[in-house]
Every structure is written in structure tokens, then in C-alpha cells.
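>
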Amino acid sequence: MQLSRSAFLTVVHASAVYDLLLTVPFATPWTFALAHAQLSSLNRSLGGDALPDFGPFHVLFACLMGSIVLVWSVLRLRATSVALGRYDGVGRFLFSTWMAWALAASGAPLLWLFLVPEFCWGVAQWLPVAQGDGSSAARAPFTSAAPMRSSRGG
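With the numbering used here, letter number 139 in the sequence shown gets 306, and the count goes up by one each step, no holes.
(1) Please state whether DSSP places Ala204 in a helix, a strand or coil.
(2) Tell me, which residues are paired with Leu170 by DSSP?
(3) So, Asn210 versus Leu277, is the Cβ gap smaller than 8 Å?
(4) Note the first and the last residue of the continuous alpha helix (DSSP H) segment covering Val191.
(5) Work out the CA separation of Arg253 and Ile235 for me, nearest whole Å.
(6) Report buried or exposed for His225, applying the criterion of at least 16 other Cβ atoms within 10 angstroms of its Cβ.
(7) Can you tell me which of the three DSSP states Thr247 falls into?
(8) Quick check: the Cα distance between Asp255 and Ala200, rounded to an integer number of angstroms?
(9) From Met232 to Met168, what distance separates their C-alpha atoms?
(10) Take Val283 as the anchor and find which of Ala272, Ser273, Pro295, Phe262 has the nearest alpha-carbon.
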């Protein structure tokens, strides 16, 4: 499957909106406390245990993650590009890996609600993108559309 550049940029933009909405609760200790209680309740309703209590050190790292993801989301909304989509895809595969590790270690069913969309966003942002000149040839990730120039001025 290959996406047009426009469709791909729509995916990158949508993934940024998704991240913005999901990570706002992780941005401050006060919003995280509310989110933690709700997530714990949801995990119990899915058949899992209550989530463990978080101390200040754990909350710090949750809020650091939330803050950086919010900034990353705003960047992708303001400067949507193929390159940022590719980088986001890499990040999502990393996040998916650590979520799968936590799922294997804890069995918390709540993690499926984060793992599946995270992995799907990663796959979507690694689909081939059609060339802008109408060509159907896919470009490799992280490549520039600018022509190469030699050191001899050519």
C-alpha cells in the first residue's frame, strides 16, 4: 500500500491530534493524579488489578513524558512533514515495544488500549509515500526531494 503525500501528511497530522488529546492528562502532577485514578478503574473493569500507586518520582517521569509528547505533538501540527512522520513512526515502534514489555510483565489489559493504536500509527507512518512529481515510485524514509550536488559545483 502506498499513500499520496497529501494522505500521508493527513495521517501525520491526525496522529499528532491523537497524541495531544491522549497526553494532556500526563502533563502535570494534578492532571496525572486524575488520569491515574481513571486508568486504574478502567483496568479493573477490564479484568485487571488496580494500578500501583505512584510516588513523586514516578509522577515526575510520567509528567516528563507527557510534556515532551505534547511539545512533539504541537511541532507536528505546526510543521507537518513526511520526515516528522517517519520519526514519529520510529518513536511509536519504541513506545509499542515498551508497552508490550509492560504487558508481558503485568498482564494489565489496559495496555492493549494504548499498544494497538500506538503500533498502528507507527505502521501508518512507515507506509511508502508517492513522489510529488506524479511518479508512483516510493521514496525511502528520511530522504530529501532535493537533487544531490557534487563538491565540484555540479
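Just so you know, even glycine gets a beta-carbon here, dropped at the ideal spot from N, CA and C.
Here's the rundown:
(1) Locating residue 204 in the sequence shown gives position 37, where the first residue counts as 1. Correct three-state label for Ala204: helix.
(2) As a working note, residue 170 is residue 3 in the sequence shown. In the DSSP assignment, Leu170 is bridged to Val296.
(3) What you label residue 210 is simply residue 43 of the sequence shown in a count that begins at 1. What you label residue 277 is simply residue 110 of the sequence shown in a count that begins at 1. Yes, they are a contact pair.
(4) Your numbering for residue 191 matches position 24 in the sequence shown. Careful: Val191 lies outside any alpha helix (DSSP H) and carries neither H nor E.
(5) Locating residue 235 in the sequence shown gives position 68, counting from the first residue. Locating residue 253 in the sequence shown gives position 86, counting from the first residue. Cα to Cα, the separation comes out at about 17 Å.
(6) Here residue 225 refers to the residue found at position 58 when the sequence shown is read from its first residue. Per the 10 Å Cβ criterion, exposed.
(7) Within the sequence shown, numbered from 1, the residue matching residue 247 stands at position 80. Looking at Thr247 - three-state DSSP - the assignment turns out to be coil, as it is neither helix nor strand.
(8) One-based indexing of the sequence shown puts residue 255 at position 88. One-based indexing of the sequence shown puts residue 200 at position 33. So the two alpha carbons sit approximately 27 Å from each other.
(9) By 1-based counting over the sequence shown, the position of residue 232 is 65. By 1-based counting over the sequence shown, the position of residue 168 is 1. Going from the Cα of Met232 to the Cα of Met168 covers about 32 Å.
(10) Position 116 of the sequence shown, counted from the start, is the residue given in the question as residue 283. Closest by alpha carbon: Phe262.
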